[in-house]
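Participant: Below: one structure in structure tokens.
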Amino acid sequence: MAASVYKLATFFLLCIIPFSFSELVQEQPLVLKYHNGPLLKGKITVNLIWYGKFTPAQRSIIVDFINSVSSGNLKLPSASSWWKTTEKYKSGSSTLVVGKQVLFENYPLGKILKNPHLPALAGKFNGVDTISIILTAKDVAVEGFCMRCGTHGSTRGPVRSAFIWVGNSETQCPGECAWPFHQPIYGPQTPPLVAPNGDVGVDGMIINLATLLANTVTNPFNNGYFQGPANAPLEAVSACTGKFGSGSYPGYPGTLLVEKSTGASYNANGVKGRKYLLPAMWDPQTSACKTLV
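When you line the sequence shown up against this note's numbering, it's residues 3 to 295, in that order.
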């Protein structure tokens with residue numbers, strides 16, 4: 003009965019008010035508020051923790067991406083031109099430099115990781131102006147994986163350090179964490195795009211790693227830039243989810259560049275001729291999600 007009354011009232015309202023429903027319900031502007039906390043600026047050392055088995059080719063795709071973010075003289079549009087948007091957040095630029103790498107190919111904590119395992123692994127590399135990145139292989143389950151494709155946080159102790167976790171979703175939930183290189187779980191079932199590095203799982207990891215790197219340098223300790231509650235914030239890139247090119251809308255990544263020889267979709271050039279698909283980032287100057295193409 004209540005639902006019927008609501009529908010009738012809505013119909014009557016639309017009949018007597020001389021403008022459209024879209025004008026009644028206007029989209030709220032996207033504004034990430036600065037909460038006066040420290041950001042990660044200057045030279046940032048990125049340490050990599052490979053948990054599980056990754057091939058040398060897979061590792062090189064990710065290392066090359068991190069190197070691309072702070073590399074000059076790349077063909078535009080580039081990973082470094084995408085990263086330059088972070089300079090518009092307070093206190094200047096962040097230059098990422100690959101530091102130490104450690105391989106845990108024998109699964110020392112097992113193949114099912116709980117949330118407390120992540121800061122414990124990240125604690126292998128504590129230090130000021132560092133980010134520890136934990137990368138889990140496709141056969142490693144992590145608590146909350148698929149509900150989320152990765153996360154970022156910080157370790158406690160004498161030195162507070164930022165960390166990131168990203169999982170390879172190739173066999174666990176590619177429709178959620180490797181889209182648009184895999185058909186989505188929900189929504190329009192459009193054909194997946196061809197992954198630019200030929201690896202659906204790792205190319206999906208690049209999207210999520212890019213998201214979390216930008217989120218981390220602009221909100222490393224939960225008091226930087228974000229919108230909404232601190233325990234579930236919309237951050238620099240997570241505020242622009244699903245947008246990769248111009249004209250994007252839910253279920254459609256937007257207009258992208260296509261590599262003629264492979265048919266792969268991308269929007270950023272990297273080092274060693276690499277190509278990547280990077281998500282839109284919120285631009286503080288325009289208060290809008292900015293895509294590379």
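The beta-carbon is built from N, C-alpha and C at its ideal position, and this holds for glycine as well. In this text, all values refer to a predicted model and were calculated from it rather than measured experimentally.
I want to know whether the segment 84-96 touches the segment 110-126 - three or more CB-CB distances under 8 Å.
Facilitator: Result no; under three Cβ-Cβ pairs closer than 8 Å.
Participant: Are the segment 51-64 and the segment 242-249 in contact at 8 Å, needing three or more beta carbon pairs?
Facilitator: They do not touch, by the three-pair rule.
Participant: Return the Cβ separation of E237 and F228 in integer angstroms, given the expectation that the two are a contact with Cβ distance under 8 Å.
Facilitator: With a Cβ gap of about 5 Å, E237 and F228 count as contacting.
Participant: State the Cα-Cα distance for the pair T97 and T264, rounded to the nearest angstrom.
Facilitator: When rounded, the distance between both Cα atoms is 32 Å.
Participant: Let me know the beta strand (DSSP E) ranges lying completely inside the segment 76-150, each 3 residues or longer, listed in chain order.
Facilitator: DSSP runs (the beta strand (DSSP E)) wholly in the segment 76-150: 96-106 and 132-138.
Participant: Between F183 and the rest of its own chain, which residues show a CB-CB distance below 7 Å, the 5 nearest in sequence each way excluded?
Facilitator: So the qualifying residues of the chain are P194, L195, A197, V202, D205 and G206.
Participant: Just to check my reading of the structure: T132 and T47 have Cβ atoms closer than 8 Å, yes? What is that Cβ distance to the nearest angstrom?
Facilitator: The Cβ separation is near 5 Å, so the contact holds.
Participant: Express the C-alpha separation of L78 and K277 in angstroms, rounding to a whole number.
Facilitator: Looking at the two C-alpha atoms, the distance is approximately 11 Å.
Participant: Got a sec, what are the start and stop residues for the alpha helix (DSSP H) C179 sits in?
Facilitator: P176 to C179 is the span of the alpha helix (DSSP H), which, as asked, contains C179.
Participant: Is the beta carbon of L34 less than 7 Å from the beta carbon of Q103?
Facilitator: No, these two residues do not count as a Cβ contact at 7 Å.
Participant: For N217 and G226, what's the separation of their Cα atoms in angstroms?
Facilitator: Going from the Cα of N217 to the Cα of G226 covers about 9 Å.
Participant: Measuring CA to CA, which of L258, V295 and P286 is closest to S93?
Facilitator: Selected option, being the one with the closest Cα: P286.
Participant: For E107, which residues from the same chain have a beta carbon less than 6 Å from its beta carbon, with the 5 sequence-adjacent residues on both sides left out?
Facilitator: If we look at E107 and ignore the five residues flanking it on each side, its Cβ neighbours are K55.
Participant: So, helix, strand or coil for G189, using DSSP?
Facilitator: G189 falls in the coil class under three-state DSSP.
Participant: Which one of P160, L280 and Y254 has the shortest CA to CA distance from P186?
Facilitator: Measuring from the Cα of P186, the nearest candidate turns out to be Y254.
Participant: To which residues of the same chain is L123 closer than 6 Å at the C-beta, ignoring the five residues directly before and after it?
Facilitator: Around L123: I51 and I136.
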